[in-house]
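Encoded as structure tokens, the structure appears first; notes follow it.
Number of protein chains: 2
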Amino acid sequence: MANVKDVAKLAGVGLGTVSRVINNKGSVSDKTRAKVLKAVEDLNYIPNEVARNFKMKETKLIGLMLPSVWHPFFSKLAYFIENELDKNGYKMLLCNSDSDKNKEIQYIEMLKKNQVAGIITISYHDYYAHGKVDLPLVTIDRYITDDIPHIASDNYQGGRLATEALIKGGATKIGYLGGKPPHRSSVSDRMKALIEVASSYGLPYVIEETDGSNDQVAVEKFIKAHPDVDGVFTSTDLYAAALIKALRQKHKKVPEDVQVIGFDGIQDNDNFTPYLSTIVQPVEAISRQSVQLLLGIVRGEEVPKETILGVTFRQGNTSNSNKEIQAIVTRKSSNKEKY
Amino acid sequence: MANVKDVAKLAGVGLGTVSRVINNKGSVSDKTRAKVLKAVEDLNYIPNEVARNFKMKETKLIGLMLPSVWHPFFSKLAYFIENELDKNGYKMLLCNSDSDKNKEIQYIEMLKKNQVAGIITISYHDYYAHGKVDLPLVTIDRYITDDIPHIASDNYQGGRLATEALIKGGATKIGYLGGKPPHRSSVSDRMKALIEVASSYGLPYVIEETDGSNDQVAVEKFIKAHPDVDGVFTSTDLYAAALIKALRQKHKKVPEDVQVIGFDGIQDNDNFTPYLSTIVQPVEAISRQSVQLLLGIVRGEEVPKETILGVTFRQGNTSNSNKEIQAIVTRKSSNKEKY
Numbered sequence: 092m093a094n095v096k097d098v099a100k101l102a103g104v105g106l107g108t109v110s111r112v113i114n115n116k117g118s119v120s121d122k123t124r125a126k127v128l129k130a131v132e133d134l135n136y137i138p139n140e141v142a143r144n145f146k147m148k149e150t151k152l153i154g155l156m157l158p159s160v161w162h163p164f165f166s167k168l169a170y171f172i173e174n175e176l177d178k179n180g181y182k183m184l185l186c187n188s189d190s191d192k193n194k195e196i197q198y199i200e201m202l203k204k205n206q207v208a209g210i211i212t213i214s215y216h217d218y219y220a221h222g223k224v225d226l227p228l229v230t231i232d233r234y235i236t237d238d239i240p241h242i243a244s245d246n247y248q249g250g251r252l253a254t255e256a257l258i259k260g261g262a263t264k265i266g267y268l269g270g271k272p273p274h275r276s277s278v279s280d281r282m283k284a285l286i287e288v289a290s291s292y293g294l295p296y297v298i299e300e301t302d303g304s305n306d307q308v309a310v311e312k313f314i315k316a317h318p319d320v321d322g323v324f325t326s327t328d329l330y331a332a333a334l335i336k337a338l339r340q341k342h343k344k345v346p347e348d349v350q351v352i353g354f355d356g357i358q359d360n361d362n363f364t365p366y367l368s369t370i371v372q373p374v375e376a377i378s379r380q381s382v383q384l385l386l387g388i389v390r391g392e393e394v395p396k397e398t399i400l401g402v403t404f405r406q407g408n409t410s411n412s413n414k415e416i417q418a419i420v421t422r423k424s425s426n427k428e429k430y
Numbered sequence: 092m093a094n095v096k097d098v099a100k101l102a103g104v105g106l107g108t109v110s111r112v113i114n115n116k117g118s119v120s121d122k123t124r125a126k127v128l129k130a131v132e133d134l135n136y137i138p139n140e141v142a143r144n145f146k147m148k149e150t151k152l153i154g155l156m157l158p159s160v161w162h163p164f165f166s167k168l169a170y171f172i173e174n175e176l177d178k179n180g181y182k183m184l185l186c187n188s189d190s191d192k193n194k195e196i197q198y199i200e201m202l203k204k205n206q207v208a209g210i211i212t213i214s215y216h217d218y219y220a221h222g223k224v225d226l227p228l229v230t231i232d233r234y235i236t237d238d239i240p241h242i243a244s245d246n247y248q249g250g251r252l253a254t255e256a257l258i259k260g261g262a263t264k265i266g267y268l269g270g271k272p273p274h275r276s277s278v279s280d281r282m283k284a285l286i287e288v289a290s291s292y293g294l295p296y297v298i299e300e301t302d303g304s305n306d307q308v309a310v311e312k313f314i315k316a317h318p319d320v321d322g323v324f325t326s327t328d329l330y331a332a333a334l335i336k337a338l339r340q341k342h343k344k345v346p347e348d349v350q351v352i353g354f355d356g357i358q359d360n361d362n363f364t365p366y367l368s369t370i371v372q373p374v375e376a377i378s379r380q381s382v383q384l385l386l387g388i389v390r391g392e393e394v395p396k397e398t399i400l401g402v403t404f405r406q407g408n409t410s411n412s413n414k415e416i417q418a419i420v421t422r423k424s425s426n427k428e429k430y
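Here the protein sequences come in this chain order: P and Z.
Here the first sequence is numbered in the numbering used here, starting from 92 and rising by one per residue.
Here the second sequence is numbered in the numbering used here, starting from 92 and rising by one per residue.
Written out as structure tokens, the structure is:
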């Protein structure tokens, strides 16, 4: 896009002259004015102020960066984020990064060019950390730096609830199976909680962190390496489903032989089985609050740098029923009163 | 947004004068020019040409109108549409209409104000029919008028494949269960094909079209009303899953007692059961071609008014296996050579 220097160059005048014509202030000869206006027209130059106003009034846009909206967890998140943005007069540009760093950087540059008011991102990269993204930012589930507000489920609480449910359901050796986050992420707290709870009960445990490239290979490797594990907590529901299928193919009954508890809560009904025992993330609350945080930054307000929302254990059919556990439903929120 | 008339009124001059100033053509006194430019500035008026160029150069936006991106079929569609738009230098504004007509109209007006280059819509309304949406349009799965290009799966072929699979799997009385499209839609062809195929085999059939308000109620009503039906084709996979659950609760085995075949192909793996026998829509092809159709219109090209893409029968675990049927895979496309 042409800038004021291009206009001055084409018109053969100084920057001050261009400014006087555009702002209609000060003295400019008709001939010079005509040259400047012709250059403005030829270059389709839009004065910054006009462009800014055009943006402010007409394109209240927010970018949403997701690995893929095709994933059931992210599609639910995108639905509620768009809904909350719409209620606040904003429109959502959806970007599927496919977890590809270069693609994500291209998207960010595109969003900047489109003058979005800000970006909500679920990113696996640290591109945002170095001040390259000079825009209001909120991250979901990923800590980047102290100055970028992030919102997440209480992953520690989720890990604790899941591990306690496995133990109270009779597990004697606990396993954790999940993807290893490439950067610092509170997702790791799910695993840490399992280690702490299992240790506090004096129970043995095993940890398998995968690179996320192939769920099927990962679950089969896990079963082979740990035939004596009788309770598994997985970092996602899709991992849980893959594990359960592989266990059944090896004639292990779920939950009788091995209990499995997932994380996310992507199943909205029990028409498909297994109906997973899982930690349900408060997706709607995460979505709406991520928007409120971002719009707060856009308005120049101070917003909390960390927002942690409580999770819920849902008893499905893949862990042993336990009345005591079913009663554990927490709704902790570190800054709920703010909204 | 201010228009040229507002500028003329505020400046106290005629439209022609405003035009001469903006286009820098013809004679205008310095005093009048100053008044016009001040009005332009005060109103933040952007001449159409500038706005258009601004849009052309900086905001290559397309609106995608979906009932809800939360639905697994639509989230896959949104993923591939965004991917194809991105490849072509366009960005996607996502709108979830929630199938609410007023909400959809508000979104359309918003998209017009944001000067999107066009809209891809899965709409349940006829708002687009009356020339109110003066933008390039492509509809998916919904016929609106002859002049709005639409793209759809070959619903008739899908209904035929499903019905033949039920019959060759041993069905003696066929049922159709599906939502009734509120407007003319080729989705009805799924049902028409079932009627024609069942009739050609001399088999009895029953048809239940629902208002889509409550799947659970609909499937239970269907089972009660038609206890002798032993093969059911449903208009969506989610209907199929709800029906199968209700049948099993009544101790009917699927597929032994009742075969069920769905439509859509939303299951990307068989980690969740039932792994449905279903008609798989070519979602990626629909998505990419809908974008190509729309961009063709944007470029001023003639594009086909109807694009019908072939579907595939996928043998899952809810209909009787039949080798002859499994071989039926068609890839018909009425205008595939165009792309």
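From the three backbone atoms N, C-alpha and C, an ideal C-beta is built for every residue, glycine too.
For PHE404/P, the enclosing beta strand (DSSP E) covers residues 403-405. If you draw a 10 Å sphere on the C-beta of GLN380/Z, you find 16 or more other C-beta atoms in it, and that means buried. Residue burial is scored here from C-beta neighbours: GLY154/P has at least 16 other C-beta atoms within 10 angstroms and is therefore classed as buried. Contact between SER188/Z and MET156/Z holds: CB atoms are separated by about 6 Å, below the 8 Å threshold. If only uninterrupted alpha helix (DSSP H) runs of at least 4 residues are considered, those enclosed by the segment 268-307 of chain P are 279-291. For LYS182/P, the enclosing beta strand (DSSP E) stretches over residues 182-187. Taking 8 Å as the cut-off, the Cβ atoms of LEU329/Z and ASP359/Z do not count as close. Judged by DSSP in its simplified three-state form, ILE196/Z adopts helix. The beta carbons of THR254/P and LEU285/P sit closer together than 8 Å. Distance from the CA atom of LEU106/Z to the CA atom of VAL95/Z, rounded to whole angstroms, is 7 Å. Assigned with DSSP and collapsed to three states, GLN372/P falls in coil, not helix or strand.
A check of alpha carbon separations from LEU226/P across ARG233/P, PRO240/P, ASP232/P, VAL297/P identifies PRO240/P as the nearest. An exposed status is given to GLN340/P, since fewer than 16 other beta-carbon atoms sit within 10 Å of its beta-carbon. Between ALA208/P and LYS264/P, the CB-CB gap reaches or exceeds 8 Å. Of all C-beta pairs linking the segment 192-199 of chain Z to the segment 213-229 of chain P, fewer than three are shorter than 8 Å, placing the two stretches out of contact. VAL402/P sits buried, since 16 or more C-beta atoms from the chains shown fall within 10 Å of its C-beta.
In the DSSP assignment, ALA243/P falls within the unbroken beta strand (DSSP E) covering 241-244. According to the DSSP secondary-structure assignment, GLY154/Z is paired through a beta bridge with LEU184/Z, ILE210/Z. In the DSSP assignment, VAL127/P falls within the unbroken alpha helix (DSSP H) covering 121-133.
A check of alpha carbon separations from SER214/P across SER190/P, ASN413/P, LEU202/P identifies SER190/P as the nearest. In this structure, ILE335/Z lies near VAL351/Z, with their beta-carbon atoms less than 8 Å apart.
Between SER368/P and ALA256/P, the CB-CB gap stays under 8 Å. In this structure, the straight-line span from the alpha carbon of VAL310/Z to that of ARG233/P is close to 42 Å. Taking 9 Å as the cut-off between beta carbons, none of the residues of the segment 269-281 of chain P comes near chain Z. With a threshold of 8 Å between beta carbons, SER166/Z makes contact with chain P. With at least 16 other beta carbons inside 10 angstroms of its own, HIS162/P counts as buried. Burial is judged here by how many other beta carbons sit within 10 angstroms of a residue's own beta carbon; ASN193/Z has fewer than 16 and is exposed. Following the DSSP letters along the chain, one finds ASP355/Z in no alpha helix (DSSP H) but inside the beta strand (DSSP E) bounded by residues 350-355. Short of 7 Å from the beta carbon of ASN411/Z, and not among the five residues preceding or following it, lie these beta carbons of its own chain, in chain order: GLY260, GLY261, PRO346, GLN350. Under the three-state reduction of DSSP, VAL323/P is assigned to strand. Secondary structure of ILE388/P (DSSP, three-state): helix.
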